[in-house]
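**Student:** Start counting the sequence shown at 39; every next residue gets the next number (our numbering). All C-beta atoms, glycine included, are put in the ideal place defined by N, C-alpha and C. As the structure is a prediction and not an experimental result, all values here were calculated from the model. Here it is, the structure, as structure tokens.
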Amino acid sequence: MGLVRTLIDYDQDFVEPALPQELRELYDGDLHFVTSPAERPFVIANFVSTLDGVVSYEIEGQAGGSTISGADPADRFIMGLLRASADAVIVGARTVHAVSPKSLWIPEYTYPAGKHLFMEYRVNVLHKPEYPFLVVVSGSGRLELERAIFRTPEARTVVITTSAGRDELTKAGAAKLGSVQIHAVAASGGSIAPLVILRLLNLQFGIRMLLHEGGPTLFGQFLAAEAVDELFMTLSPQIAGRMADAIRPGLVQGVEFMPDYAPWLQLLSVKQRAEHLYLRYRRAESVPRCH
Ligand SMILES: NC(=O)c1ccc[n+]([C@@H]2O[C@H](COP(=O)([O-])OP(=O)(O)OC[C@H]3O[C@@H](n4cnc5c(N)ncnc54)[C@H](OP(=O)(O)O)[C@@H]3O)[C@@H](O)[C@H]2O)c1
């Protein structure tokens with residue numbers, strides 16, 4: 039019995055199934071990804087948003103995506119499935135700060151009931167290691183090293199930072215943590231270019247499939263760099279509202295596009311469970327024409 043119902047699926051040009059049968063049943067369909075461009079990993083992103091486009095209430099203890107989704111099981115399942123599909127998951131430092139210190143960006147953390155199915159898919163079908171590794175982007179290097187992401191040997195974490203950030207992390211004792219690697223790269227004004235991150239992940243770690251889990255600041259930069267290939271977006275049937283000073287972020291923060299250059303997306307699939315919708319888009323190569 040499916041967790042979601044497929045309403046639209048334009049992604050059916052494949053002969054061989056990609057997902058094992060039980061996952062195909064839960065997802066009510068298959069999930070294929072095209073091969074990544076040679077010079078960088080294929081980048082998919084996953085967000086949940088209210089109907090009015092808010093992705094975080096920015097309230098302590100209620101800033102995360104599960105407040106937006108209402109802890110929706112199908113949203114959590116899809117998140118687990120995407121993590122299971124990826125070589126690595128990337129997040130910005132503020133997204134790390136917003137969640138419980140116990141959080142891990144591994145498939146079963148978000149959907150424990152799928153643990154064995156995700157593992158079978160990863161290891162036996164995709165031939166990937168047990169867990170994707172986590173990439174944290176932080177210019178400042180100010181990260182709480184007591185978090186589970188830095189203390190769980192089987193779930194590796196790579197921090198991509200500046201040289202000042204590396205010094206900060208070294209001072210805090212990061213070099214002693216066996217499952218953590220710190221990489222300082224060139225930055226301009228503390229900001230590391232997405233393509234520098236992607237090249238490092240490709241060349242140094244062999245990452246071909248990267249899952250971007252936000253937040254809106256890091257995601258906006260990837261979008262502006264034309265480094266997002268697909269977006270999985272859960273639309274949650276609630277309305278958060280915003281004050282004029284707009285503390286609650288939308289999908290993209292800190293970047294704005296002019297109409298002539300704003301990215302357009304092409305719909306790949308729509309799934310549904312009760313009042314929630316699960317949308318999958320691919321980056322459109324051209325602006326859609328109005329008929
Ligand atoms: N609804 C959803 O699906 C969803 C998904 C993800 C996140 N969220 C929410 O979104 C909020 C966090 O998003 P956010 O936009 O505020 O922050 P974010 O993108 O998660 O993190 C921003 C931080 O990441 C580092 N960073 C980002 N780009 C960088 C670059 N190019 N070079 C170097 N460092 C860079 C900086 O860290 P330093 O300050 O350490 O330098 C920056 O302050 C949280 O409330 C979270 O729960 C919601």
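So the candidates are Arg237, Pro232, Arg189 and Ser176; which of them puts its Cα closest to the Cα of aspartate 205?
**Tutor:** Ser176
**Student:** Just to confirm, does arginine 237 get its C-beta within under 8 Å of one of the non-hydrogen atoms of ligand 1?
**Tutor:** Outside the cutoff, so no.
**Student:** In or out: glutamine 259 buried (at least 16 other Cβ within 10 Å) or exposed?
**Tutor:** buried
**Student:** Could you tell me how far apart the beta carbons of alanine 122 and phenylalanine 156 are, in whole angstroms, since I believe they sit closer than 8 Å?
**Tutor:** 4 Å
**Student:** If I measure Cβ to Cβ from leucine 215 and keep anything under 8 Å in the same chain, skipping five residues before and after, which residues do I get?
**Tutor:** Leu183, Phe188 and Arg189
**Student:** If you count every other CB in all the chains shown that lies within 10 Å of the CB of methionine 281, and 16 or more means buried, which is it?
**Tutor:** exposed
**Student:** Classify methionine 247 as buried or exposed, calling it buried when 16 or more other Cβ atoms lie within 10 Å of its own Cβ.
**Tutor:** The residue in question, methionine 247, is buried, as its Cβ has 16 or more Cβ neighbours within 10 Å.
**Student:** Does DSSP put glutamine 276 in a helix, in a strand, or in coil?
**Tutor:** coil
**Student:** Would aspartate 66 and valine 42 be called neighbours here (beta carbons separated by less than 9 Å)?
**Tutor:** yes
**Student:** Relative to ligand 1, is the shortest distance from any of its heavy atoms to the C-beta of threonine 133 smaller than 8 Å?
**Tutor:** yes
**Student:** Could you check whether valine 137 and glycine 102 sit closer than 9 Å to each other, using their CB atoms as the reference points?
**Tutor:** yes
**Student:** Under 8 Å Cβ to Cβ from arginine 237, same chain only, skipping five residues before and after it: list those, please.
**Tutor:** So the qualifying residues of the chain are Glu77 and Arg78.
**Student:** Return the bridge partner residues of lysine 166 from the DSSP annotation.
**Tutor:** Bridge partners of lysine 166: none, in fact.
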